[in-house]
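> Here the sequence shown is numbered in the working numbering, starting from 1 and rising by one per residue. One structure, pasted below without further comment.
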Amino acid sequence: MSETAKAATPPQEAVTLTDSASGKTFDLPVISGTVGPHVIDVRKLYDQSGMFTFDPSYTSTASCKSRITYIDGDKGILMHRGYTIEDLAEKSSFMEVCYALLEGELPNKEQLEEFEYHITHHTMVHEQLHFFYRGFRRDAHPMAVMCGVVGGLAAFYHDSLDIYDPKQREISAHRLIAKLPTLAAMTYKYSIGQPFMYPRNDLSFAENFLYMCFAVPAEEYKVNPVLARAMDKIFILHADHEQNASTSTVRMAGSSQANPFACIAAGIACLWGPAHGGANQAVLEMLEEIGHKDNIPEFLRKVKEKQDNTRLMGFGHRVYKNHDPRAQVLKKECDAVLRELGITDPHLELAMELERIALSDPYFIERKLFPNVDFYSGIILKAMGFPVEMFTVLFAVARTVGWISQWKEMIEEPTLKIGRPRQLYTGAAQRPYVALKDRK
Ligand code: ACO
């Protein structure tokens, strides 16, 4: 294990901060988790010193305690409930991972069957929801539609909105995991003008999703098992990622005791951005823009000179500074899907060449920039037949379980408190009000 991932024995019980101006000292307790960096508890700092800490993008701030997911970014380790993502992707199913994220342990056979039964039997959405879609333009971005319809779920499922009732929390978690694929597929169908396909209970989670997206009522549709397995793996790889931007958004929204449907809609809004879940769409658009491998050097020149804020999309990660373990699993899956479909995608060749050149370029080496999960997911999803606008929606389908597990964990904390960061104010100091007639 790396330095940062060593089993946690605190180096000391407290650290002492000295205010060099006044000479006053403040003892701040050090808290340890199971593995990973210790944290300095600054909760009392303001009371003691009258000072806040300043960490605008949370690069050094642990915002909560969590038992769900562990990442060692230096080593490229991602674990859910103590299981590595490589093991989960290879040996388990998305339903098993969902259960483990929500409940803390991998399910036994009976628990898995019961869980799958509940998820399967919550996949239909209220018929009235179908009419929501008609209010959207057909060319709306699917994420815009998802923000609306997922938030709208709270208007339909009044019986699971009491966040302090464990049974209602469980039902709303099951509803969200089960209904997101249905809503996502409906969003896709609406955008292409095809009829919505109702879910089928004889199919697995991934099969059912592919069916709802690609089947039409006029003919029989057989789900390709290779694609279903790849879809399941994509869902596993995106299921949770500890306190990233969208998860923190869900927790922040939930900290005000908002209902879970509203919180997940907030997470979807955050995920939409190209620096987060929107990156897989941005990767394909970038490959499109580059067009040919001869144009790679010129594109990389623009990136390195930061011309027009150009970034190599699908590269870099706030936490992973060695490799993204999800990217490695997906790269293999990408080959399997393209082989199965007999596709030779020029984008894949371009992506490989871009990766090869970037990984040997000092700019990327020095900044520890490596391909992230989005670098490959877009290529697989495109091969499966999804349009680029749907990529982030699929990410949201997978991440819903992570969001709701993190939300549930937070609600179950005995000391739920509304999230309320402070600020370093840099605006005008108090000044006299100037009447309109006297203003220049
Ligand atoms: N291309 C080019 N340069 C980059 C990239 C990139 N993709 N990512 C970071 N850098 C550079 C920055 O310009 C900066 O350079 P400097 O030191 O000369 O100023 C340095 O690397 C550090 O970058 P930061 O922006 O401080 O890194 P941060 O941790 O804030 O960013 C992020 C992480 C947002 C993911 C960034 O790497 C990025 O924009 N990547 C492209 C978008 C992307 O693929 N996002 C998906 C993330 S994974 C996910 O959400 C599933």
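A virtual CB, placed ideally from N, CA and C, is assigned to each residue, including glycine. As the structure is a computational prediction, the values presented were derived from the model and not from experiment.
(1) Whose CA, out of L210, M124 and R301, lies closest to the CA of I357?
(2) CA-CA distance, S360 and P142?
(3) When you measure from the CB of A275 to every non-hydrogen atom of ligand 1, does any distance come out below 6 Å?
(4) State the Cα-Cα distance for the pair S93 and T426, rounded to the nearest angstrom.
(5) Thinking E409 and S66 are a contact (beta carbons under 8 Å), I'd like their distance in whole angstroms, please.
(6) Taking D374 as part of the alpha helix (DSSP H), name the residues at either end of that continuous run.
(7) Would you check if the distance between the CB atom of G316 and the CB atom of D374 is smaller than 7 Å?
(8) If you follow the beta strand (DSSP E) that T392 is in, where does it begin and where does it stop?
(9) Taking Cβ to Cβ, would you say V223 is nearer than 7 Å to E340?
(10) When the Cα atoms are used, what is the spatial distance from D159 to V401?
(11) Could you spell out the range, first to last residue, of the beta strand (DSSP E) harbouring T16?
(12) By alpha-carbon positions, which one of V30, Y46, I31 and S60 ends up nearest to R318?
(13) For ligand 1, is there a heavy atom less than 6 Å away from the beta-carbon of D87?
(14) Would you decide whether M384 is buried or exposed? Buried here means 16 or more other CB atoms lie within 10 Å of its CB.
(15) Since F395 and L271 are thought to touch, with beta carbons under 8 Å apart, how far apart are those beta carbons, to the nearest angstrom?
(16) With I234 and I380 assumed to form a contact (beta carbons below 8 Å), what rounded beta-carbon distance in angstroms separates them?
(17) Applying the criterion that 16 or more other CB atoms from any shown protein chain within 10 Å of the CB defines a buried residue, is A428 buried or exposed?
(18) Provide the residue(s) that pair with P29 in DSSP beta bridges, ordered along the chain.
(19) Secondary structure at D202, three-state DSSP: helix, strand or coil?
(20) Determine the burial state of N295: buried for a count of at least 16 other Cβ atoms within 10 Å of its Cβ, exposed for fewer.
(21) Ignore the nearest five residues each way along the sequence and tell me which others in T310's own chain have a CB closer than 6 Å to its CB.
(22) With a Cβ-Cβ cutoff of 7 Å, do G50 and H323 count as a contact?
(23) What does the alpha-carbon distance come out to for the pair R229 and P346?
(24) Once the 5 residues before and after I290 are set aside, which same chain residues still bring their CB inside 8 Å of it?
(25) Assign N372 to one of two classes, buried (16 or more other C-beta atoms within 10 Å of its C-beta) or exposed (fewer than that).
(26) Whose C-beta lies closer than 6 Å to the C-beta of A178 among residues of the same chain, with five residues either side of it excluded?
(27) Does the Cβ of M197 have 16 or more other Cβ atoms within 10 Å, making it buried, or fewer, making it exposed?
(28) When the Cα atoms are used, what is the spatial distance from N108 to R169?
(29) Around the C-beta of K417, are 16 or more other C-beta atoms found within 10 angstroms, so that it is buried, or is it exposed?
(30) Which whole runs of the beta strand (DSSP E) in the segment 37–108 are 3 residues long or more, in chain order?
(31) Per DSSP, which one or two residues make a beta bridge with F315?
(32) Would the C-beta of F315 count as close to ligand 1, meaning under 6 Å from any of its heavy atoms?
Checking against the coordinates, here is how it stands:
(1) R301
(2) 37 Å
(3) yes
(4) 50 Å
(5) 6 Å
(6) In this chain, the alpha helix (DSSP H) harbouring D374 covers V373 to M384.
(7) no
(8) Note, T392: premise wrong, no beta strand (DSSP E); alpha helix (DSSP H) at F391 to E412.
(9) no
(10) 20 Å
(11) A14 to T18
(12) S60
(13) no
(14) buried
(15) 6 Å
(16) 7 Å
(17) exposed
(18) A14
(19) For D202, the three-state secondary structure derived from DSSP is coil.
(20) Classification of N295: exposed, given that the 10 Å Cβ count is below 16.
(21) K302 and V303
(22) no
(23) 24 Å
(24) I296, F299, L350 and L354
(25) buried
(26) I119, H122 and T123
(27) Buried, since its Cβ has 16 or more Cβ neighbours within 10 Å.
(28) 22 Å
(29) exposed
(30) 69–72 and 77–80
(31) P371
(32) yes
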